[in-house]
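Participant:
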Amino acid sequence: MYYYLENRDAWAGPVAFRVTDARQLAVKTPSVSWLDAGRLDTVPPSLSPEASAALAAGTLTGVCTQHPRWKQAVEFTTPRPGKKRVHLLAVGDVGGTLLTALKLLGGDCISAIGICDLNENTVARWTAEMGQIAWPWDYGGLPEVEPVGPERLFACDVFIFAATKAIPAVGSGVQDVRMAQLEANRPLVESFARQARAADFRGLFMVLSDPVDPLCRAAWRASNTGADGELDGLGLLPEQVQGFGLGVMTARAAYFAKQDPRFAAYLTEGRSFGPHGKGLWIANSVQHYDDALSQELTKQTLEANLRIRDLGFKPYVAPAVSSGAMQLLLALRGVWHCSSVPLGGVWFGMRNRFTPYGLETELLELPDTLFARLQETEHILHSTG
252 MYYYLENRDA WAGPVAFRVT DARQLAVKTP SVSWLDAGRL DTVPPSLSPE
302 ASAALAAGTL TGVCTQHPRW KQAVEFTTPR PGKKRVHLLA VGDVGGTLLT
352 ALKLLGGDCI SAIGICDLNE NTVARWTAEM GQIAWPWDYG GLPEVEPVGP
402 ERLFACDVFI FAATKAIPAV GSGVQDVRMA QLEANRPLVE SFARQARAAD
452 FRGLFMVLSD PVDPLCRAAW RASNTGADGE LDGLGLLPEQ VQGFGLGVMT
502 ARAAYFAKQD PRFAAYLTEG RSFGPHGKGL WIANSVQHYD DALSQELTKQ
552 TLEANLRIRD LGFKPYVAPA VSSGAMQLLL ALRGVWHCSS VPLGGVWFGM
602 RNRFTPYGLE TELLELPDTL FARLQETEHI LHSTG
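When the letters of the sequence shown are read in order and numbered with this note's numbering, they come out as residues 252 to 636.
1) Tell me where the beta strand (DSSP E) around G365 begins and ends.
2) I need the boundaries of the beta strand (DSSP E) containing F605, first residue and last residue.
3) DSSP on G253, reduced to helix/strand/coil?
4) Excluding five sequence neighbours on each side, which residues of the same chain lie with their C-beta closer than 8 Å to the C-beta of V421?
5) What's the call for Q538, buried or exposed, on a 16-neighbour Cβ count within 10 Å?
6) Would you say the region 486 to 497 touches the region 461 to 471, given that touching needs at least three Cβ pairs under 8 Å?
7) What residue does the beta strand (DSSP E) around H338 start on, and which one ends it?
8) Can you tell which of G264, T271 and N258 has the C-alpha that lies nearest to the C-alpha of T316?
9) Going by DSSP in three states, P281 sits in which element: helix, strand or coil?
10) Could you round the C-beta distance between N535 and S545 to whole angstroms and report it? I think they count as a contact, below 8 Å.
11) What three-state label does DSSP hand R558 in the structure shown?
12) For I411, which beta-bridge partners are listed by DSSP?
13) Three or more beta-carbon pairs under 8 Å between the region 375 to 385 and the region 343 to 352, yes or no?
14) For V492, which beta-bridge partners are listed by DSSP?
15) Does the contact criterion of 3 or more C-beta pairs under 8 Å hold for the region 286 to 299 versus the region 615 to 626?
16) Who are the near neighbours of E490 in its chain, counting only those whose CB is closer than 6 Å to its CB and skipping five residues on each side?
17) Verify the contact flag: Y253, CB atom, against every heavy atom of the ligand GDP, threshold strictly below 7 Å.
18) Check this for me: beta carbons of A447 and F456, under 8 Å apart or not?
19) Taking the Cβ atom as the reference point for each residue, do F605 and G575 lie within a distance shorter than 8 Å?
20) Do you know how far the Cα of M252 is from the Cα of T312?
21) How about A413 and G357: do their beta carbons lie closer than 8 Å?
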């Protein structure tokens, strides 16, 4: 491992990241161009032989020393070994489904799941229900589920914010359900982000509630705002906050691609970018990009939740599992997953992974038309919330 100490905008991206192209080290303010090797038109810095060797070996870490907690960022890249403790806030429809999936699928990387909810009976019910799920004669093979009080919410490796104040009722006629929840849920996530600051939380702050991406930004800002109302960088690191909403969009696009051969390339060559809602862009293929097909597939993906509502149900099962449980487990395993990460002052959904050398975001060669779409998404995210 080799650390390259750099001078760039402290608030615009991850403090510590895995360098895959030397030109990334010359970017002062990361933006959507960070996703495209062809747009990194800056001149790379002169690297020492040791740094060059680390880059070639994939062990070079870029560290923004302008951030007041850059040393903590270096520590965050090397989490403690072993299984992780997860705490879940709110066990409603989404939280309960997420909890069930984590219990069943997370035995290899989760030691225990603590649950917290305003309703004590809800906590008691889910603790009992989960306690009665086990493989015959292997009663310790799945993570234990236990109540956790508000005072211990951040005594964990992963905190999941799945609380919500209000969800528009089925049949209410609200078209953009996610954004309708912003004003209600923002004060909630800000409150718990400030608690994370007070607790000096060093783990992953995961946002699952809608609208995922604006709430990530709200959580980070609230955590890093001092008593004087100014950003001080003494709260959550940007890379500590991730939004888990893109996973279900990726899966929904695959669902439609399986049904229509015109979209078949998506299953092997496609990508999803952006937020869990307006601004999402589904690329039918990176290598053989077709803007018209991508626009059609994006529209179907965005409206998939409305089709479930048309049937008279709230569309929470697929998001809880595909965006929540599956992506979190992939993240804990250190492999590629879909989530929103800090990029140029917003949280932008993309393929990324945690590594011992920092957060790594996928670097691609993007067609001009697709890159222009992602610039539109970046603009939408900056204007939201």
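Beta carbons are placed, not taken as given, at the ideal position from N, Cα and C, and that holds for glycine.
From a predicted model like this one, the values you see are computed outputs, not experimental measurements.
Facilitator: The short version:
1) I361 to C367 is the span of the beta strand (DSSP E), which, as asked, contains G365.
2) V597 to T606
3) According to the sequence as given, residue 253 is Tyr; it is not Gly. If DSSP states are grouped into helix, strand and coil, Y253 belongs with the strands.
4) Bear in mind that the predicted position of V421 carries a pLDDT of just 48, short of 50, making it too unreliable to give a figure here.
5) exposed
6) yes
7) Its beta strand (DSSP E) spans residues K335 to L340.
8) N258
9) coil
10) 5 Å
11) Secondary structure at R558: helix, using DSSP grouped into helix, strand and coil.
12) L339 and M457
13) yes
14) Bridge partners of V492: F456.
15) A contact exists between the region 286 to 299 and the region 615 to 626.
16) P265 and L610
17) Ligands displayed in this structure: none; no statement on the ligand GDP is therefore possible.
18) yes
19) No. Outside cutoff.
20) 7 Å
21) no
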